[in-house]
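This report refers to the structure that appears directly beneath it.
Protein chains in written order, with our numbering: chain A, 227 to 656; chain B, 34 to 207; chain C, 454 to 779.
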C-alpha cells in the first residue's frame with residue numbers, strides 16, 4: 227500500500243522544512259517529499275490519498291518519558307490502552323523508564339514489553355534499562371547485556387535515589403564505557419523528605435510538607451561534577467526550577483555532554499494551581515513558582531532545555547482519591563502533550579515547538595525517528611491546527627483520567643497518525 | 034366592602050393599663066405574692082418592662098430569647114445578633130408571669146415554656162399578653178389579655194417602640 | 454477559572470467549616486456572636502437547647518485526641534444532636550478507597566455532619582468534596598493545615614479581653630511550620646483586622662516562607678514580645694527534636710519558653726494563651742500558665758460555645774430544606 231498525503235503544511239524541523247508539500251509513502255517509509263517519485267501512482271488500486279488540506283504534517287511525536295504501567299500495574303493502564311491513547315495523540319515513539327514491576331533490569335522484561343507493543347500495533351516503544359539492580363542504588367545492572375540484547379536506549383534509576391556518591395560515580399563510568407546515556411532524576415532524598423509540594427508560599431499556606439528547590443539543585447550539582455569527572459553522556463529529566471535551568475545551561479556552555487527535558491505540565495502549571503488540595507496537581511518534581519515556569523519556557527526557547535515530554539503517569543481513580551499528600555503523584559498526559567506544546571506559540575516558533583517534541587527527543591534517545599527525511603520510517607502525525615476542542619476526562623483514551631487539564635480549551639487536534647506507513651489513528655470528524 | 038386604612042393603630046396605653054389591672058386582679062385571686070416576670074424578646078420584653086413598673090415587682094425583670102428553641106430553626110437558620118436570654122434569678126418553685134405582646138399560633142409560647150423548664154422547675158407559669166388574636170395552632174391560651182381580636186388572613190399585628198412609647202398597629206399585607 | 458468556595462452554600466451561608474482562609478470578616482464575627490449567645494447555655498441548670506434535635510453528628514477521628522473530641526461531643530450534645538464517636542486507626546485506612554467507603558456507609562446511616570480530624574493536610578477538604586450534598590463537614594484539625602474552631606475560640610477569648618481587634622499586636626510563639634492552630638489563628642487575626650501579627654521561634658520551625666502568611670518573623674523572643682497585647686504559646690511536639698529541628702527541650706525553654714521575666718516585655722495587661730495540652734517547663738513556665746495573665750482554662754470553656762455556634766450555623770441553613778416555609 228502506498229500513501230500520498232496531499233496539500234498538507236509540512237513542518238520538519240530536522241530538515242528545515244516549513245512549507246506546503248505532498249508526502250509520498252511506500253513500503254512503510256517516506257519515499258519523497260514534494261516531488262512525486264516516478265511511477266508512484268501507477269497503480270491506483272494500491273494508492274491511498276490523505277487529504278491534509280488545512281492541516282499540519284509533522285514527524286510522529288517522540289515522547290521521552292511515559293509510564294504505560296505494564297508490566298506490573300494493570301489497574302492503571304496497559305501497553306495496549308496507553309499506546310492507543312498515544313496514537314490518538316500523534317505520538318509514535320514512547321520511551322519508558324525502568325520502574326516497571328518487575329524492573330527493567332533483565333532482557334526478558336524488555337522482550338515482553340516489545341512483544342506487547344507489537345501486538346497492540348499503535349506505537350513503538352523504546353526502553354531505558356535500570357542503572358542499578360532492582361533500582362536499589364547499590365549494584366550495577368547488566369547494562370552492557372541490556373544494551374546488546376535488549377536494545378535499551380539508555381540507563382536510569384528512574385525516581386529511585388542513588389544515595390551513595392561512589393555508586394553513582396561507578397554507574398556513570400560504566401555507562402560511559404558502554405556508550406549509554408544516563409537519564410537522571412535530580413532529587414536529593416534527604417532534602418525532599420516526605421514533601422509533596424514545592425516548598426514555598428503555597429505549601430506554607432496549606433501546611434503541606436515542602437520539597438525545596440535545593441532538593442533539585444543539590445542533586446544536579448553533585449551529578450554535574452560526576453558527569454564532568456566520568457565523561458558520561460547525561461540527560462536530566464523533568465527540570466522544575468529556574469535555578470536548575472541556570473546550572474544546566476552553565477554546564478552546557480562549559481561543554482559538558484548534558485541535555486534536559488521539561489514536562490508539558492511544568493510549562494503550564496504552577497504551585498498556585500494546587501488551589502485547595504487538587505490532587506491532580508500532585509506531581510514529582512513538584513509544580514513550582516511562576517518565576518520557575520517562565521525560566522523553563524525561556525530555556526526551552528533557547529534550547530538549553532532540549533525537549534518537552536509528557537511524563538505520562540496514568541492512575542486508577544482511587545490513587546487520587548485521598549488527602550493531597552497521600553495521593554500518588556503524576557498526570558495522565560499523553561493526550562495533552564501536543565496541545566500543550568502548541569500553546570507555547572507565543573514564546574517559541576511553531577517549528578521550534580515541533581522540534582522539541584520530535585527531532586530533539588529522538589536525538590537524545592539516539593534513535594532514527596522524529597524527522598520526515600526520505601528513507602526514514604513513515605511515522606507521521608497530521609493535525610488540524612484550527613480545531614478547537616475541550617478536554618473532557620470521560621473522553622480520554624488513556625486508562626488514567628487524572629488530568630489537571632480537564633475543561634481546558636485547546637486548539638489543534640490530531641486527524642491522522644501513521645506508524646511505519648500504516649494509519650493507526652484517524653479522526654476526521656472535524 | 035368598606036375601605037380600610039392601610040394601618041390601623043390601637044390605643045396602646047389604654048391596653049397596657051387594662052393589662053396591668055387585670056394582671057393585678059389575677060395575682061390577687063391566685064394569692065401570688067412575689068412573682069417573677071419574664072418578657073419574651075423583643076415585643077414581650079417591652080410590654081413586660083411596663084408591667085414590671087406598673088405592678089411594682091421587686092425581683093429584676095427577666096428576658097427570654099427563644100431563638101434556640103424555635104421549631105422552624107432548620108428552615109430559617111439563626112441570626113447571630115440575638116440578645117441572649119437573661120434570667121437573673123433562680124426560677125425553682127417560683128411563680129412566673131410570662132409576658133408577650135401578641136399571642137398568635139402559640140409556637141413562641143411553647144418554645145418559651147421549654148426554655149423556662151431548662152432553667153429549673155417553676156411553681157406556676159401564667160401568660161399575660163397585650164393582644165390575643167385568632168389562628169392558634171397549639172392548645173395554648175392567655176390567662177390575661179388586654180384585648181382579643183380576629184384578623185383577616187392578610188392582616189398582621191405589630192408592636193413598635195418609639196422612645197418609650199409602645200404602639201400596636203394592624204397592617205395589611207399587599 | 455475561579456474556584457468556588459466549597460465552604461459556603463448557594464446563599465453564601467456556612468455549609469462546611471474547613472479553614473478560616475477565604476471567609477469574610479462578617480462571617481467570623483457572626484460565628485463569634487453566635488458563640489456568645491450560646492455561652493449562657495452552659496451556665497444553666499439544664500445545659501441543653503433543642504436546636505439540633507434529631508440530627509446525627511459523627512466525630513470521625515483519624516488521629517487520637519480526647520480533648521478536642523470531647524469538646525465537639527459536648528457541643529453537639531448541648532445542641533441535642535445525637536453523637537457518634539468513631540476512632541479510626543489510620544494504618545487501617547491508608548487507602549482513599551476505604552475512607553470513601555466508610556463515608557458512604559455513614560451517609561447511609563443518615564448522618565448529617567462529620568467532624569473530622571486527620572493527620573493529612575487537606576483531609577477535611579477531601580471529605581467535604583465527596584460527601585452527599587446535605588452533609589456538613591467540620592474540620593477538627595487536618596495535618597499541619599488548619600484547625601479553624603480552635604482559632605475561633607482563641608479569637609473569642611481575645612475579644613472578651615481586647616474587644617477592638619484593630620488595635621492589637623499579637624505574638625504567636627513556637628512551631629509555626631507544623632502548626633495547624635497557628636495557620637488558622639493567623640488567617641483569623643488577619644481577617645479580623647489585627648494590624649500586627651508576630652511569629653517567634655528559630656528558623657527551623659519558622660521558615661522564611663512564613664512571611665507569606667502575613668506575619669512578622671522574629672527569631673529573638675525578647676524583641677518579639679515587646680509591647681504585645683496577646684501572647685499565644687504553641688505546644689511543642691516532642692517529635693520535633695528528631696529531624697534536627699531543635700536541639701533539646703531544655704534549650705528551647707531557655708530561648709523560647711514563656712517565663713514571668715519574658716512576659717514583662719509584653720504590655721502590662723497582656724493575656725497569655727495556649728491551645729493545650731501544656732508542656733510545663735518546655736514552652737511555658739507553670740507560674741505563667743497558672744498566673745493572673747493566663748486565660749488558658751477559659752479557652753477550653755469557650756471552645757464548647759464556638760463549636761455549638763459552628764455546628765448550628767452549618768446545620769441551620771434554609772438551603773437544607775428547600776421550600777415549605779410558612
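No residue lacks a Cβ here, since even glycine has one placed at the ideal position from N, Cα and C.
Return helix, strand or coil for residue 255 (chain A), following the three-state DSSP convention. Numbered from 1 along the first chain, position 29 holds the residue referred to as residue 255 (chain A). Here residue 255 (chain A) sits in strand by DSSP.
Chain A residues whose Cβ lies nearer than 9 angstroms to that of residue 665 (chain C): What you label residue 665 (chain C) is simply residue 212 of the third chain in a count that begins at 1. Those within 9 angstroms of residue 665 (chain C) in chain A are 426, 427, 428, 430 and 431.
Could you give the uninterrupted runs of the beta strand (DSSP E) lying entirely in the stretch 476-540 of chain A, keeping only those of 3 residues or more? 484-489 and 533-535
Go ahead and pull the three-state DSSP assignment for residue 462 (chain C). Position 9 of the third chain, counting from 1, holds the residue named residue 462 (chain C). If DSSP states are grouped into helix, strand and coil, residue 462 (chain C) belongs with coil.
Could you check what DSSP says for residue 165 (chain B) in three-state terms: helix, strand or coil? Residue mapping note: residue 165 (chain B) aligns to position 132 of the second chain, counting from 1. Looking at residue 165 (chain B) - three-state DSSP - the assignment turns out to be strand.
For chain B, is any of its Cβ atoms less than 7 angstroms away from the one on residue 456 (chain C)? Residue numbering aside, residue 456 (chain C) sits at position 3 when the third chain is read from its first letter. Because the pLDDT of residue 456 (chain C) is 49, which lies under 50, any placement of that residue in the model is unreliable, and the number read from its coordinates should be weighed accordingly. Judged by the 7 angstroms Cβ criterion, residue 456 (chain C) is not in contact with chain B.
Opposing strand residues paired with residue 609 (chain A) [DSSP bridges]: Working through the first chain from its first residue, we reach residue 609 (chain A) at position 383. DSSP, once it has assigned bridges, lists A:282 and A:640 as partnering residue 609 (chain A).
Is residue 565 (chain C) close to chain E, meaning its C-beta is less than 7 angstroms from at least one C-beta of that chain? The structure shown has no chain E; the protein chains it does contain are A, B and C.
Report the neighbours of residue 576 (chain C) on chain A: residues whose CB is nearer than 7 angstroms to its CB, in chain order. Working through the third chain from its first residue, we reach residue 576 (chain C) at position 123. In chain order: 549.
With H, G and I counted as helix, E and B as strand and the rest as coil, what does DSSP make of residue 170 (chain B)? Locating residue 170 (chain B) in the second chain gives position 137, where the first residue counts as 1. Reduced to three states, the DSSP call for residue 170 (chain B) is coil.
Indicate whether the contact test is met: 3 or more Cβ pairs, each with one atom in the stretch 98-106 of chain B and one in the stretch 120-132 of chain B, closer than 8 angstroms. no
Residues of the stretch 56-76 of chain B whose Cβ lies closer than 8 angstroms to any Cβ of chain C, in chain order: So nothing in the stretch comes that close.
Taking the beta carbon of residue 506 (chain A) as the centre, do at least 16 other beta carbons fall within 10 Å, making it buried, or is it exposed? The count along the first chain starts at 1 and reaches residue 506 (chain A) at position 280. Within a 10 Å sphere around the beta-carbon of residue 506 (chain A) sit 16 or more other beta-carbons, which makes this residue buried.
Would you report the Cα separation of residue 230 (chain A) and residue 282 (chain A), rounded to the nearest angstrom? Along the first chain, read from residue 1 onward, the residue named residue 230 (chain A) stands at position 4. Along the first chain, read from residue 1 onward, the residue named residue 282 (chain A) stands at position 56. Cα-Cα distance, rounded: 14 angstroms.
Given a cut-off of 7 angstroms on the beta-carbon distance, is the pair residue 522 (chain A) and residue 493 (chain A) in contact? Mapped onto the first chain, residue 522 (chain A) falls at position 296. Mapped onto the first chain, residue 493 (chain A) falls at position 267. When the beta-carbon positions are compared, residue 522 (chain A) and residue 493 (chain A) come within less than 7 angstroms of each other.
Just the chain C side, please: which residues come within less than 8 angstroms of residue 434 (chain A) by C-beta, in chain order? As a first step, residue 434 (chain A) is located in the first chain; it is residue number 208 there, counting from the start. Those within 8 angstroms of residue 434 (chain A) in chain C are 574, 575, 596, 597 and 598.
Quick one: is residue 487 (chain C) near chain B, going by C-beta distance under 7 angstroms? Translated into positions along the third chain, residue 487 (chain C) becomes position 34. Yes, residue 487 (chain C) counts as interfacial toward chain B.
Name the two residues that bound the continuous alpha helix (DSSP H) containing residue 537 (chain C). Residue 537 (chain C) sits at position 84 when you count from the first residue of the third chain. Here residue 537 (chain C) belongs to no alpha helix (DSSP H); instead the beta strand (DSSP E) covers 535-540.
Taking 6 angstroms as the limit between beta carbons, can you name the residues of its chain near residue 147 (chain B), skipping five residues before and five after? Residue mapping note: residue 147 (chain B) aligns to position 114 of the second chain, counting from 1. Cβ neighbours of residue 147 (chain B) beyond the five flanking positions: 102.
Residue 47 (chain B) to residue 81 (chain B), Cα distance in whole Å? Stepping through the second chain from its first residue, residue 47 (chain B) is reached at position 14. Stepping through the second chain from its first residue, residue 81 (chain B) is reached at position 48. The straight-line gap from Cα to Cα measures roughly 15 angstroms.
Taking C-beta pairs closer than 9 angstroms, name the residues in chain A that residue 560 (chain C) reaches, listed in chain order. If you number the third chain from 1, residue 560 (chain C) lands on position 107. Correct list: empty, because the minimum Cβ distance to chain A is about 16 angstroms.
Counting only Cβ pairs nearer than 8 angstroms, list the residues of chain B close to residue 483 (chain C). If you number the third chain from 1, residue 483 (chain C) lands on position 30. Simply 113.
Between residue 170 (chain B) and residue 178 (chain B), is the Cβ-Cβ spacing less than 7 angstroms? Within the second chain, numbered from 1, the residue matching residue 170 (chain B) stands at position 137. Within the second chain, numbered from 1, the residue matching residue 178 (chain B) stands at position 145. In this structure, residue 178 (chain B) does not lie closer than 7 angstroms to residue 170 (chain B) by Cβ.
Does residue 139 (chain B) have its Cβ less than 7 angstroms from a Cβ in chain C? Counting from one through the second chain, the residue named residue 139 (chain B) turns up at place 106. False, the Cβ-Cβ gap to chain C never drops below 7 angstroms.
Report yes if the CB atom of residue 519 (chain A) is closer than 7 angstroms to the CB atom of residue 496 (chain A), and no otherwise. Your numbering for residue 519 (chain A) matches position 293 in the first chain. Your numbering for residue 496 (chain A) matches position 270 in the first chain. In contact: residue 519 (chain A) and residue 496 (chain A) (Cβ atoms closer than 7 angstroms).
Of all the options A:635, A:436 and A:417, which has the alpha carbon lying nearest to the alpha carbon of residue 423 (chain A)? For the purposes of this step, residue 423 (chain A) is taken as the residue at position 197 of the first chain. Nearest option by C-alpha distance: A:436.
With a Cβ-Cβ cutoff of 7 angstroms, do residue 598 (chain A) and residue 285 (chain A) count as a contact? The residue you call residue 598 (chain A) lines up with position 372 of the first chain. The residue you call residue 285 (chain A) lines up with position 59 of the first chain. For residue 598 (chain A) and residue 285 (chain A), yes; Cβs fall inside 7 angstroms.
Span separating the alpha-carbon of residue 206 (chain B) from that of residue 187 (chain B): Position 173 of the second chain, counted from the start, is the residue given in the question as residue 206 (chain B). Position 154 of the second chain, counted from the start, is the residue given in the question as residue 187 (chain B). The alpha-carbon atoms of residue 206 (chain B) and residue 187 (chain B) are separated by roughly 5 angstroms.
Could you tell me the distance, in whole angstroms, from the CA atom of residue 325 (chain A) to the CA atom of residue 368 (chain A)? On the first chain, residue 325 (chain A) is found 99 positions in, with the first residue counted as 1. On the first chain, residue 368 (chain A) is found 142 positions in, with the first residue counted as 1. Computed Cα separation, rounded: 16 angstroms.
Mind pulling the chain B residues with CB within less than 9 angstroms of residue 499 (chain C)? Position 46 of the third chain, counting from 1, holds the residue named residue 499 (chain C). Near residue 499 (chain C) (Cβ distances below 9 angstroms), the residues of chain B are 150, 151, 152 and 153.
Taking 7 angstroms as the CB-CB cut-off, is residue 522 (chain C) touching chain A? Locating residue 522 (chain C) in the third chain gives position 69, where the first residue counts as 1. Residue 522 (chain C) does not count as touching chain A.
Excluding the five sequence neighbours on either side, which residues of its own chain have a C-beta within less than 7 angstroms of the C-beta of residue 404 (chain A), listed in chain order? Position 178 of the first chain holds residue 404 (chain A). Once the five neighbours on either side are set aside, the close Cβ partners of residue 404 (chain A) are 369, 370 and 373.
Check whether the stretch 517-533 of chain C touches the stretch 579-590 of chain C, counting contact only when three or more Cβ pairs, one atom from each stretch, lie closer than 8 angstroms. no
In the DSSP assignment, find the unbroken alpha helix (DSSP H) run with residue 598 (chain C) in it and report its ends. Mapped onto the third chain, residue 598 (chain C) falls at position 145. Neither: residue 598 (chain C) is in no alpha helix (DSSP H) and is coded neither H nor E.
Anticipated Cβ contact below 8 angstroms, residue 727 (chain C) with residue 610 (chain C), distance rounded: Walking along the third chain from the start, residue 727 (chain C) turns up at place 274. Walking along the third chain from the start, residue 610 (chain C) turns up at place 157. About 11 angstroms; that fails the 8 angstroms criterion.
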